[in-house]
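These notes are about the structure you will find just below.
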Amino acid sequence: PWSIMRGMQTLQNIDSRRNSATNMQSGSVEMLSKLIWQRLHNNSADSDNNMQAAVKEEHDTGRVSRKKIRRGKKNDVSNNSLLTQADKEKKYSFVRKRYDHIECLRCNSVPLQFRSDGSTISGLTKPPVNLMKQHYETCKENMLNLEKLVVLALNMTKTIPGFEIKTLVSQSFSELALTLTGGNYELAAIFTKGVKAEAQGKKVPSEISNPPQVAFPGLVVRAKVVSALIEMADKNKISYDMVDDLHFIEFVNLISPTHKLPSTSELDEYI
């Protein structure tokens, strides 16, 4: 009986240990599950928090950026308003002569007819910037802009029989230019050799002084002009009717603004 009781006790101890181990294992599994769930929950919460923080930061950053952009635009507008007149006129080298008149400081010493277009702007208290910019990009500064003379000379080859671009540098036409500029050799060279060169797409010869170093225009003697006209027409076999050609009239008006061409009948009287 003792051995049987001992055996039964042993079996009971084994069952007790087994149950304890099972319970312990079950408890461990349950605890582990709780830990895993808690960890996942915490991670999810952290993730949500991080997500919310990131969204908030992005939103705040975007709001700050938008504020900066708005502030920058506002500053740009403010700067433009400051540059509208005084600074922009200075930028494009314009000087204000009156409240509604400005002119280019770089070419205001050049006779008006030989400045690039837009050298003066009148009647506007706030002239558009694009007008000043257009002149600034084509301004010849203190040099004579020969573009108008070139166009007229090219048109003269079409409307005056016998007139060619090379006629500009003939001895007789050079003499005519000299009398029309009051004996100014520098101007006469610019209006003949210089115009011919540009009309042919070449550079003005280096020996020609542009800008000229003398005053413009000089004293024009009408009798000398009439005599030079007759000689130029005769030597180049050009009709006296050239004095009625609109392009020739404008050409002479540009190089000698104080002189008026004689009429055809006046030329006939000198013959």
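For any residue, its number in the numbering used here is found by taking its place in the sequence shown, counting from 1, and adding 15. Glycine included, C-beta positions come from ideal geometry on N, C-alpha and C. Note that this is a predicted model, so its numbers are computed, not measured.
Length of the line joining the Cα atoms of residue i and residue j
i	j	result
C122	R111	14 angstroms
V92	C154	With a pLDDT of 37 at V92, under the threshold of 50, the predicted position of this residue should be treated as unreliable, though the coordinate-derived value follows. Roughly 29 angstroms between the two C-alpha positions.
V144	T174	39 angstroms
T279	K250	17 angstroms
M147	K252	46 angstroms
V184	K275	22 angstroms
E213	F129	15 angstroms
V258	D102	48 angstroms
E281	K106	52 angstroms
I245	E222	29 angstroms
D283	A238	13 angstroms
E179	F266	14 angstroms
I264	D256	11 angstroms
For residue i, three-class secondary structure by DSSP
i	result
T273	coil
V110	strand
E190	helix
G87	Reliability fails at G87, whose pLDDT of 49 lies under 50, so the model's placement of it is uncertain and no value is given.
S134	coil
E118	strand
G197	coil
V79	Confidence at V79 is low in this model, with a pLDDT of 47, below 50, so its placement is unreliable and no value can be given for it.
G177	coil
K252	coil
L159	coil
L282	helix
K239	helix
G209	helix
Reference residue i; option with closest CA among the options
i	options	result
T273	V236, V125, H262 and N170	V236
C119	L127, T135 and P126	T135
K211	M171, P227 and G197	M171
Q149	S108, D102 and L261	S108
L139	S131, P126 and I117	I117
M158	S271, Y255, P227 and E281	P227
L161	I270, Y114 and L282	I270
S137	K217, K239 and Y114	Y114
Q215	I264, G133, D283 and L164	L164
E104	D132, Y151 and S131	Y151
Own chain, CB closer than 7 angstroms to residue i, minus 5 neighbours either side, in chain order
i	result
A243	E190, L191 and T194
P220	K208 and A212
H262	L167, N170, M171 and T174
Own chain, CB closer than 6 angstroms to residue i, minus 5 neighbours either side, in chain order
i	result
V241	P277 and Y285
T182	F188 and N251
E156	R121 and C122
Whether residue i touches residue j by CB criterion (8 angstroms)
i	j	result
F206	M247	no
S254	P126	no
Cβ-based neighbour list, residue i, same chain, cut-off 8 angstroms, excluding 5 preceding and 5 following
i	result
S224	E201, A204 and I205
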